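Some notes on the structure that comes next.
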Amino acid sequence: MLEPLSFPPQPNRSGRRIIVGRMLAAVLFALTACVPVVWASVASAAPGPEDAAPVAPPYDETVNILILGADREPGVANWRTDVMMLVALDLKRGEAGVISFPRDIYLEEIPNHQPNRMNVVDYLGETDEAGGGPELLGAIIEEKMGIPVDHYVRFDFSSFQEVVDALGGVDVEVDCPFTGYLRDYGGYLKLEPGMHHLNGDQALIYVRDRALSGGDLDRARRQQRFVWSVRNQLVSKEMIRRLPALYSALSDSVETDLGLINTMRIARAGLDMGPDDIHGFVIAPPDMLTEGWRNGMSIFIADWDLIGDQATQLFDQPSFDLTNTPDWCE
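Reading the sequence shown from the start, the letters are residues 1 to 330 in this note's numbering.
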């Protein structure tokens with residue numbers, strides 16, 4: 001159950017950059033194999049001047065989409081990107097591959113900037129020019145792994161609670177006992193194994209807390225289960241009446257360069273996918289990452305050759321599995 005919480009009023013979001021497009025398309029598809037939470041799947045897409053002639057990806061090609069999630073609160077000068085993943089969609093076969101990047105991967109070379117953690121790159125790119133964050137991070141991923149980035153979707157965590165509440169809450173099956181604390185609001189959430197209906201405030205605690213024994217990997221697994229639950233609710237008939245509220249919650253918090261036609265094709269493909277169609281891996285220790293320190297920061301040093309080898313076999317990776325309960329739950 002959720003202990004009493006007192007939440008401060010939310011800041012005015014009117015200063016945020018206008019999102020491309022004005023028509024909600026349900027792209028919240030469960031493209032997670034072992035990945036962090038993805039509001040990536042939502043895109044707005046009524047064509048504006050820059051979208052007058054969108055180019056749709058042919059069905060015989062794989063489309064690679066960079067998913068970025070951050071807290072970009074007004075007045076915060078140097079926000080961080082805590083969700084970073086690459087989603088590869090094979091629209092012809094109806095399959096998806098997902099690679100999740102831990103935020104603390106250390107990059108010795110960032111063009112025009114000093115070495116730093118990977119979760120700073122999006123912000124650094126935006127300081128160079130508007131829209132430069134996804135471009136800079138995409139260029140680094142292509143250089144390190146040999147995988148081109150075709151498009152991006154960036155979402156803002158600040159509207160997370162509003163989105164969940166617009167859905168009417170989310171039913172999530174919890175497999176590990178969970179106690180999470182949200183330091184910003186001074187409350188905690190206790191959940192025993194079983195089915196739970198989470199509202200926006202509860203869901204935020206559930207998907208963001210990483211203080212349990214499994215750390216980032218357990219958080220990624222919880223987020224995976226949560227996103228799949230959201231996807232299932234989005235394809236239900238009841239969701240039709242909730243679309244206006246969902247659009248209102250999302251319209252100021254999701255930014256993408258996909259365009260209308262790309263968005264609709266990807267939405268259709270994503271909503272038709274089942275767990276067996278979604279493959280992927282989390283870049284994780286001990287093989288792909290080594291723990292280390294730089295300038296007083298705890299970091300991960302990546303073996304990019306090994307990561308690149310795994311990426312070339314992305315669609316052969318294990319498929320989405322909700323039945324795998326980790327050792328630390330037992």
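Cβ atoms here follow ideal geometry from the backbone N, Cα and C, with glycine treated the same way. Remember, it's a predicted structure, so these values are computed and weren't measured experimentally.
Suppose you measure from the CA of residue i to the CA of residue j; what does that come to, to the nearest Å?
i	j	result
D316	A96	11 Å
I140	I110	8 Å
E135	R154	12 Å
I283	I261	31 Å
D209	R294	25 Å
G259	R268	14 Å
S248	F178	31 Å
W304	S158	32 Å
C176	D128	43 Å
T263	P244	18 Å
A70	E126	13 Å
H196	R72	29 Å
G308	D257	25 Å
D287	M145	16 Å
E61	D165	36 Å
For residue i, count the other beta carbons within 10 Å of its own beta carbon; 16 or more makes it buried, fewer makes it exposed. Which is it?
i	result
E3	For E3, the predicted structure reports a pLDDT of 35, less than 50, and the residue's modelled location is therefore unreliable. A value from the coordinates is still provided. E3 should be labelled exposed.
N78	exposed
S253	buried
P102	buried
M297	exposed
E255	buried
T312	exposed
E143	exposed
V218	Sequence check: residue 218 is Asp here, not Val. With 16 or more other Cβ atoms within 10 Å, it is buried.
So, are the CB atoms of residue i and residue j less than 9 Å apart?
i	j	result
V120	L66	no
R225	E192	no
L306	A88	no
M118	M84	yes
D171	L198	yes
Y106	A302	yes
Y206	R231	no
H151	V63	yes
T81	G132	no
L189	G200	no
I266	L68	no
Q161	A130	no
In chain order, what residues of the same chain have a beta carbon less than 8 Å from the beta carbon of residue i, not counting five sequence neighbours either side?
i	result
P285	E291 and F300
G194	E173 and V174
E108	P115
S319	A33, P275, D276, D277, I278 and H279
L289	P102, I105, I283, F300, I301, A302 and D303
S229	V170, D171, V172 and E173
Less than 8 Å between the CB atoms is what I'm expecting for residue i and residue j, so what's the real figure, rounded?
i	j	result
G168	R242	6 Å
V333	L234	Outside the shown range of the chain (1 to 330) lies residue 333, about which nothing can therefore be said.
By Cβ distance, which residues of its chain are closer than 7 Å to residue i, with the 5 residues on each side in sequence left out?
i	result
D272	G94
I147	N64, L86, I141 and A311
H113	L124
Please go through the same chain and pick out, in chain order, the residues whose beta-carbon is closer than 6 Å to the beta-carbon of residue i, but skip the five residues on each side of it.
i	result
G138	L66 and V149
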